[in-house]
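Protein chains: 4
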Amino acid sequence: MADSLAAIREELSLANRILAHEGIVDAFGHISVRHPTDPGRFLISRHRAPELVSPQDILEYTLDTEPVHPTPAGWRHYGERVIHGCIFQARPDVMAVCHHHAPAMMPYAIARAAVVPVFHLGASMGLRVPFWDSRDDFGSTALVLTKPEEGRSLAKALGQGWMVLMGRHGATVAGTSIRQTVFRSIYSCKNAELQTQARLLGHVEALDAQEVELAAAYNLRPGPQERAWDYWAKRVQDAEAVVAAGKAALAKPASASASRPAAKAKKPAAKAKRRKR
Amino acid sequence: MADSLAAIREELSLANRILAHEGIVDAFGHISVRHPTDPGRFLISRHRAPELVSPQDILEYTLDTEPVHPTPAGWRHYGERVIHGCIFQARPDVMAVCHHHAPAMMPYAIARAAVVPVFHLGASMGLRVPFWDSRDDFGSTALVLTKPEEGRSLAKALGQGWMVLMGRHGATVAGTSIRQTVFRSIYSCKNAELQTQARLLGHVEALDAQEVELAAAYNLRPGPQERAWDYWAKRVQDAEAVVAAGKAALAKPASASASRPAAKAKKPAAKAKRRKR
Amino acid sequence: MADSLAAIREELSLANRILAHEGIVDAFGHISVRHPTDPGRFLISRHRAPELVSPQDILEYTLDTEPVHPTPAGWRHYGERVIHGCIFQARPDVMAVCHHHAPAMMPYAIARAAVVPVFHLGASMGLRVPFWDSRDDFGSTALVLTKPEEGRSLAKALGQGWMVLMGRHGATVAGTSIRQTVFRSIYSCKNAELQTQARLLGHVEALDAQEVELAAAYNLRPGPQERAWDYWAKRVQDAEAVVAAGKAALAKPASASASRPAAKAKKPAAKAKRRKR
Amino acid sequence: MADSLAAIREELSLANRILAHEGIVDAFGHISVRHPTDPGRFLISRHRAPELVSPQDILEYTLDTEPVHPTPAGWRHYGERVIHGCIFQARPDVMAVCHHHAPAMMPYAIARAAVVPVFHLGASMGLRVPFWDSRDDFGSTALVLTKPEEGRSLAKALGQGWMVLMGRHGATVAGTSIRQTVFRSIYSCKNAELQTQARLLGHVEALDAQEVELAAAYNLRPGPQERAWDYWAKRVQDAEAVVAAGKAALAKPASASASRPAAKAKKPAAKAKRRKR
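Protein chains in written order, with my numbering: chain L, 62 to 338; chain D, 62 to 338; chain U, 62 to 338; chain R, 62 to 338.
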């Protein structure tokens with residue numbers, strides 16, 4: 062069990078960084094996973110930008126979004142964790158939840174326009190995406206969802222679906238696993254971008270209901286899911302390896318030549334080229 | 062012959078990574094090449110994202126898309142390899158095929174809008190790009206082409222052309238070599254982007270038939286083809302060298318200072334700068 | 062005090078590089094901060110692109126934009142520093158000012174279109190953004206603000222707000238700290254991009270006055286401000302660490318193998334891969 | 062003189078790589094400079110993508126575009142060098158010429174839409190940009206300019222201006238120095254992007270004639286020119302330093318641990334992080 066939990070923390074933190082690297086989240090947004098053995102709990106990072114999340118940052122909450130363990134000094138909780146807790150409560154089949162304000166999807170949340178599957182990979186978001194507006198139940202607010210009743214209202218709007226648009230705010234995506242939720246978050250955004258462009262060309266031809274069902278079933282199988290996850294993981298891990306190696310080299314003791322010549326190295330690239338001649 | 066086959070595997074795997082690096086494919090999409098000495102076979106990667114393809118991943122198939130050799134344990138085949146096999150069967154002059162869902166081209170596949178050559182480099186896709194829709198012959202499907210009759214239907218739509226749009230799905234591009242197919246895939250996408258922008262400005266002035274013919278002939282000569290290939294190869298290989306060096310540095314034994322100081326190296330860039338003063 | 066001033070120089074130079082890294086400024090644009098202990102002075106970089114600014118580049122000016130100390134030989138001053146001085150004079154509550162020509166915001170400065178908060182993070186720019194046009198008071202000019210009367214005219218247009226659009230020129234953003242000013246500069250630009258996209262979808266639903274007030278108050282609290290700053294700082298510092306390490310490696314003495322093999326290393330990435338087989 | 066010529070080769074090759082790094086040219090496009098001491102000659106790279114150009118690639122031509130020196134074995138010449146020769150012939154005040162197909166500018170070349178200065182930095186392209194179409198004088202061609210009469214026709218269209226749009230093809234930009242030509246090439250493209258976006262918002266307010274004149278004069282002074290060049294040079298040289306260091310590390314002899322552990326280093330980033338805990 063401990064091993065499994067450690068693996069899930071690792072996967073959830075990687076999911077955070079994948080979502081950041083693929084432009085779904087920036088300083089804000091978050092992804093959670095239901096506890097692997099206790100369905101009454103969920104895991105989510107402490108309050109910080111997803112790109113900075115490592116496995117140690119993952120905290121455990123009850124579905125009422127109470128922290129299970131004492132909060133380390135100086136750590137904060139996400140203000141909007143009710144989004145996650147309330148969806149986990151309402152939907153026992155949901156194992157992971159992502160909330161984001163991706164620039165690809167936001168225009169639909171602002172224009173109150175319907176986002177519809179326009180290619181097979183976008184089918185994973187379902188035939189229709191419900192639209193929730195905080196004004197309907199709560200009037201004018203700060204738009205963020207911090208109260209249980211707000212979370213419950215959103216979960217109700219999600220219904221049995223897998224994604225819900227939130228007026229002037231963002232989107233929330235659910236899935237039966239971390240990987241599926243990441244897949245759906247990314248490809249629903251790509252779908253939205255394509256739909257916007259097609260609209261500019263004058264016509265949006267959506268998938269029909271049967272195409273949505275068949276394409277979603279096809280692409281949510283383990284094969285395509287694993288292929289996409291491996292791709293996104295490689296991309297962010299490649300970038301992280303380059304940064305880690307750079308930082309390690311700079312952190313070498315002064316005996317190494319790393320720090321001294323740096324001051325003089327005005328145009329090393331040009332210099333290196335000149336040497337070759 | 063063995064040498065030649067090894068060189069083709071190398072070139073095909075590089076083509077995969079070029080297409081990923083230039084944004085034509087992401088986790089999905091694939092490129093194949095006809096076997097250099099047996100025109101009844103073709104080569105394509107095992108089931109994985111193009112950015113991850115190395116020469117060892119290349120598998121050999123008959124034109125009926127049966128694997129020629131036993132499949133290594135744990136490896137999967139691309140579900141849509143009939144696209145490749147059926148075009149190689151129908152078009153003996155075709156030596157390479159690329160199937161993609163590039164964001165530049167998809168809007169045309171969704172809007173059912175004609176993509177037309179609007180600059181000399183886009184002329185390589187030909188005067189007219191046929192439009193194929195899975196619904197016409199097969200009704201509502203998962204959109205992916207997994208059956209021989211689907212591949213044959215697409216090949217028929219391609220006809221004697223070099224590119225075919227696929228409704229709500231993507232595009233398939235053919236060529237007389239790997240490099241020409243990569244060139245046509247990339248510049249048809251750039252053409253589509255430019256056409257979309259010109260349309261937003263209010264007018265799309267396409268090349269006329271003679272301009273298309275002359276410009277295609279000019280740019281498909283060895284000189285421009287090699288110049289473009291060298292450029293794309295440099296870009297992806299530069300990026301890969303940086304990642305490979307970073308990973309190698311991190312993999313150094315613990316005696317090296319790479320791993321230890323990393324933990325402390327909170328803000329090395331700022332630190333390095335402070336040292337200089 | 063010395064410590065505090067040194068810390069502010071460090072933070073201001075980091076703010077310069079964050080703004081460059083996030084695409085708010087390019088070769089042009091600048092950010093200033095009021096002197097921490099003397100409200101009659103402000104700090105801003107010498108004349109250079111923000112991406113190149115380090116703490117040593119920061120100069121001190123009176124609010125009449127006279128340099129407090131002798132200018133080092135070969136250094137230039139920003140031509141538009143009156144923008145900063147005049148706003149600091151007119152608004153004692155303003156602690157930092159950013160002037161930019163970000164591509165996200167410029168279309169509104171060119172189209173004379175109102176930018177309005179369309180999501181909670183954009184609320185930080187306020188309900189209404191005033192529009193200033195150099196033509197109104199000064200006729201046809203070079204558009205840049207180099208005279209005190211031009212700075213005063215702009216400060217008057219800003220009024221008690223936090224951002225002002227400048228016709229055919231750019232935008233100027235104010236804040237109660239460097240971090241708030243960076244936050245407002247970045248998220249007002251993201252807001253502008255989203256608004257443009259929503260408009261293309263046919264409808265822009267803005268936040269109402271109460272939502273703007275509540276969302277601004279929520280997101281300008283220390284928690285969200287710190288989370289965003291940490292994210293942007295990490296991004297630029299990661300990139301800088303990679304460059305610094307690369308330059309340091311190239312600057313190593315010839316005894317190291319860094320310079321020699323570079324000449325031969327035509328395709329090291331491919332080579333490295335071949336070795337593995 | 063030799064020194065001066067060497068410096069110009071260095072600057073011209075850097076200009077090539079800056080233009081590539083800033084997205085003005087890709088595999089195609091080129092920039093030339095008049096010979097520093099012989100106004101009857103000009104310098105331009107051999108036939109290759111600008112990103113790959115180093116000082117050794119620079120060749121010397123007469124204004125009739127005849128190579129001055131024997132061409133090294135295996136080297137090719139740019140097919141369109143008449144663009145450069147003919148403009149240098151027609152305009153003694155022009156010291157550098159850039160020809161490109163930048164995605165920002167192409168829509169105007171395809172839509173036959175007028176690009177007009179919409180911000181102070183775009184003023185450097187002048188009040189009006191003439192439009193040249195190969196069809197007018199030469200009927201349907203491959204669009205590329207390979208004959209002297211084509212070059213002369215284009216030079217005539219340029220007239221006393223600094224930029225000319227070329228229908229369904231691209232743009233050609235002139236200047237009194239390499240740096241000014243790079244500045245004008247980049248900021249005219251940024252201007253075009255902003256104009257397109259403003260048009261989408263419904264209104265394009267251009268600079269008036271006096272604003273264009275004043276803003277161009279202001280920004281073409283040495284100060285702004287140097288500031289922009291330093292910025293673009295830093296960006297491309299930073300990127301090149303990272304690649305050069307990576308390639309050098311990979312090229313180290315096998316005694317170094319760089320090559321061996323690479324094969325095993327499956328997920329070094331994750332590994333490095335695990336070590337820290």
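For each residue, glycine too, the CB sits at the ideal point set by N, CA and C.
DSSP three-state assignment for V243/U, whether helix, strand or coil: One-based indexing of the third sequence puts residue 243/U at position 182. In the displayed model, V243/U falls within a helix according to three-state DSSP.
Stretch pair the stretch 206-226 of chain D + the stretch 296-310 of chain D: three plus CB contacts closer than 8 Å: No, they do not touch.
Same chain, Cβ closer than 6 Å to E211/U, five either side skipped, listed in chain order: On the third sequence, residue 211/U is found 150 positions in, with the first residue counted as 1. Here the set comprises nothing.
Proximity below 8 Å, CB of H264/U to CB of A172/L: Counted from its first residue, the third sequence places residue 264/U at position 203. Counted from its first residue, the first sequence places residue 172/L at position 111. Yes, they are a contact pair.
Segment contact, 8 Å Cβ cut-off, at least three pairs: the stretch 152-171 of chain D with the stretch 167-185 of chain L: yes
S195/R (DSSP reduced to helix, strand or coil): Residue numbering aside, residue 195/R sits at position 134 when the fourth sequence is read from its first letter. Here S195/R sits in helix by DSSP.
Buried/exposed call for S65/D, threshold 16 Cβ in 10 Å: Position 4 of the second sequence holds residue 65/D. Classification for S65/D: exposed.
Straight-line Cα distance separating G200/U from E272/R: As a working mapping, residue 272/R is identified with position 211 in the fourth sequence. As a working mapping, residue 200/U is identified with position 139 in the third sequence. Each residue's Cα considered, the two are about 9 Å apart.
Pairwise C-alpha distance: A267/U and T257/L: Along the first sequence, read from residue 1 onward, the residue named residue 257/L stands at position 196. Along the third sequence, read from residue 1 onward, the residue named residue 267/U stands at position 206. Cα to Cα, the separation comes out at about 19 Å.
CA-to-CA distance, V243/D to L80/D, given in whole angstroms: Walking along the second sequence from the start, residue 80/D turns up at place 19. Walking along the second sequence from the start, residue 243/D turns up at place 182. Roughly 7 Å between the two C-alpha positions.
Top-ranked residue by Cα proximity to E83/R, from G140/R, Y292/R, A232/R and V303/R: The residue given as residue 83/R occupies position 22 in the fourth sequence. Among G140/R, Y292/R, A232/R and V303/R, the Cα nearest to that of E83/R belongs to Y292/R.
Meets three-Cβ-pair contact criterion under 8 Å: the stretch 189-208 of chain R and the stretch 228-237 of chain R: yes
Outcome for E254/L when other beta-carbon atoms lying within 10 angstroms are tallied against a minimum of 16: For the purposes of this step, residue 254/L is taken as residue 193 along the first sequence, with counting starting at 1. Buried: at least 16 other Cβ atoms inside 10 Å.
Reference G236/U, options V303/U, P178/U and Q286/U, closest by Cα: As a first step, residue 236/U is located in the third sequence; it is residue number 175 there, counting from the start. It is Q286/U whose Cα lies nearest to the Cα of G236/U.
N-terminal and C-terminal residue of the alpha helix (DSSP H) that M167/L is part of: Position 106 of the first sequence, counting from 1, holds the residue named residue 167/L. Where M167/L is concerned, the enclosing alpha helix (DSSP H) stretches over M167 to A172.
Chain U contact for I119/L (CB, 8 Å cutoff): Within the first sequence, residue 119/L is the residue found at index 58, counting from 1. No, I119/L does not count as interfacial toward chain U.
Own chain, CB closer than 6 Å to V177/D, minus 5 neighbours either side, in chain order: Counting from one through the second sequence, the residue named residue 177/D turns up at place 116. Taken in chain order, the residues that qualify are A267.
Per-residue DSSP class, three states only, for S201/L: Sequence index remark: in the first sequence, residue 201/L carries index 140 (1-based). S201/L: coil per DSSP, three-state reduction.
For E72/L, three-class secondary structure by DSSP: Locating residue 72/L in the first sequence gives position 11, counting from the first residue. In the structure shown, E72/L sits in a helix (DSSP, three-state: H, G or I).
Spatial distance of A141/R from I148/D (CA atoms): Translated into the one-based positions of the fourth sequence, residue 141/R becomes position 80. Translated into the one-based positions of the second sequence, residue 148/D becomes position 87. Looking at the sequence shown, residue 141/R is not Ala but Glu. About 36 Å.
Chain-ordered neighbours of A276/D on chain R, where CB pairs are closer than 7 Å: For the purposes of this step, residue 276/D is identified with residue 215 of the second sequence, where counting begins at 1. Near A276/D (Cβ distances below 7 Å), the residues of chain R are A203 and L204.
Start and end residues, beta strand (DSSP E) containing V234/L: For the purposes of this step, residue 234/L is taken as the residue at position 173 of the first sequence. In the DSSP assignment, V234/L falls within the beta strand (DSSP E) that extends over G231 to G236.
Sequence-distant residues of the same chain with beta carbon closer than 8 Å to S74/R, five excluded per side: Counting from one through the fourth sequence, the residue named residue 74/R turns up at place 13. Closer than 8 Å at the Cβ level, and outside the excluded window around S74/R, lie S106, V114, S115, P116, D118 and I119.
Contacts of L215/R in chain D (Cβ-Cβ under 9 Å): Taking the first residue of the fourth sequence as 1, we reach residue 215/R at position 154. Here the premise fails: no neighbours, minimum Cβ distance about 15 Å.
Where A81/L sits in the DSSP three-state scheme: Position 20 of the first sequence, counted from the start, is the residue given in the question as residue 81/L. Looking at A81/L - three-state DSSP - the assignment turns out to be helix.
Cβ-based burial, G101/U [other Cβ within 10 Å; buried from 16]: As a first step, residue 101/U is located in the third sequence; it is residue number 40 there, counting from the start. Flag for G101/U reads exposed.
Beta-carbon contacts of L206/L that lie in its chain and below 7 Å, excluding the five residues immediately before and after: Position 145 of the first sequence, counting from 1, holds the residue named residue 206/L. Excluding sequence neighbours, L206/L sits near E141, V143, I144, G212 and L215.
Burial state of A330/R, where buried means 16 or more other Cβ atoms lie within 10 Å: If you number the fourth sequence from 1, residue 330/R lands on position 269. Below a pLDDT of 50, predicted positions are generally treated as unreliable, and A330/R, at 39, falls in that range; the measurement from the model is reported next regardless. Buried is the call here.
Endpoints, the alpha helix (DSSP H) within which R288/U is located: One-based indexing of the third sequence puts residue 288/U at position 227. Note, R288/U: alpha helix (DSSP H), P283 to L311.
R240/L classed as buried or exposed, judged by whether at least 16 other C-beta atoms fall within 10 angstroms: One-based indexing of the first sequence puts residue 240/L at position 179. For R240/L, the number of other beta carbons within 10 angstroms of its own is at least 16, and it is reported as buried.
Sub-8 Å separation of G284/U and R109/L beta-carbons: As a working note, residue 284/U is residue 223 in the third sequence. As a working note, residue 109/L is residue 48 in the first sequence. For G284/U and R109/L, no; Cβs fall outside 8 Å.
A175/U to V190/L span [Cα, whole Å]: As a working mapping, residue 175/U is identified with position 114 in the third sequence. As a working mapping, residue 190/L is identified with position 129 in the first sequence. So the alpha carbons of these two residues sit roughly 30 Å apart.
Chain D within 8 Å of S316/R, Cβ atoms only: Sequence index remark: in the fourth sequence, residue 316/R carries index 255 (1-based). Caution applies to S316/R, whose pLDDT of 49 falls short of 50 and renders its modelled position unreliable; the model cannot decide the point.
Below-8 Å beta-carbon distance, Y292/R vs any chain U residue: In the fourth sequence, the residue the question calls residue 292/R occupies position 231. Closer than 8 Å: yes.
Per-residue burial, K208/L [other beta carbons within 10 Å of its own, 16 or more giving buried]: Taking the first sequence and counting its residues from 1, the one referred to as residue 208/L is at position 147. Label assigned to K208/L: exposed.
Rounded straight-line distance, which links the Cα of Y279/D to that of L343/D: Examination of residue 343/D is not possible in this model, given that chain D is present from 62 through 338 alone.
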